[in-house]
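Counting in our numbering, the sequence shown runs from 1318 upward without gaps.
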Amino acid sequence: MDGFHLTRAQLATMPDPAHAAARRGAAFTFDAPAYLALVRALREPVTPESTTVRAPSFDHAVKDPVEDDIAVGAGVRVVVFEGLYVAMGGEEWGEAAGLMDETWFVEVEEARAKERLVRRHVASGIEKDREAAARRAEENDLVNGREILERLVPHVTERIQSKEDDAWKPGAPDDAPGKDVQV
């Protein structure tokens, strides 16, 4: 999904560029029509004439998407989409969700989500300290999460409850209980 962020230059042309930049990551700061076009292209039947479909990626060093960076081969029959708005209803997001064979949604308690966001924002350098990271989480990320929950598509196939598992924390031994997940 990160490849569908509007570029910083595009955000700068919005009616309120400062608001758009501060809310980067909100649904309105993504190129939903381009995402829908990709999903439609990948839903086309695979035929001998099928060609590679290209998708954008995201370069965190430059903080912008990279067009056509991901190649989805003509014969690929299984594609997994992961991202905030994959299961959100309304306009392009909802139409794209309706094209999915299955839609899984990972639920997380808001307090747990906030703590994870604060840690991530500080660790990645997005914010300088926990206070600024908490403010960012409250003013942007959690607002986005609530919007998704309010507009969640009704046809979610699987709902998964996110839980903390010490076996998966950084530094846990590879043979920790719980790491032997069977598929």
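For glycine and all other residues, C-beta sits at the position ideal for the given N, C-alpha and C.
Host beta strand (DSSP E) of residue i (start-end)
i: VAL1423; result: 1421-1424
Chain-order list of residues whose beta-carbon lies under 7 Å from that of residue i (same chain, five-residue window excluded)
i: VAL1500; result: The predicted model places VAL1500 with a pLDDT of 48, which falls under 50 and marks its position as unreliable; any figure quoted below should be read in that light. Cβ neighbours of VAL1500 beyond the five flanking positions: none.
i: ALA1388; result: THR1369, ARG1371
i: ALA1413; result: TYR1352, LEU1353, VAL1356
One or two residues paired with residue i in a DSSP bridge
i: ARG1371; result: ALA1388
i: ALA1404; result: Beta-bridge pairing links ALA1404 to no other residue.
i: ALA1343; result: ARG1341
Delimiting residues of the alpha helix (DSSP H) encompassing residue i
i: ARG1360; result: 1349-1360
i: ALA1338; result: 1334-1339
i: ALA1329; result: 1325-1329
i: TRP1410; result: 1408-1415
Cβ-based neighbour list, residue i, same chain, cut-off 8 Å, excluding 5 preceding and 5 following
i: HIS1322; result: ARG1341, GLY1342, THR1346, PHE1347, ASP1348, PHE1375, ASP1381, PRO1382
i: LEU1299; result: Nothing can be reported for residue 1299: it is not among the residues displayed for the chain, which extend from 1318 to 1500.
6 Å Cβ shell around residue i - same chain, five flanking residues per side excluded
i: VAL1397; result: none
i: TYR1402; result: ALA1344, TRP1410
3-residue-minimum beta strand (DSSP E) runs that sit fully inside the region 1375-1399, ordered along the chain: 1381-1389
So within the region 1437-1483, which uninterrupted alpha helix (DSSP H) runs reach at least 4 residues, ignoring any that extend past its ends? 1447-1453, 1459-1467
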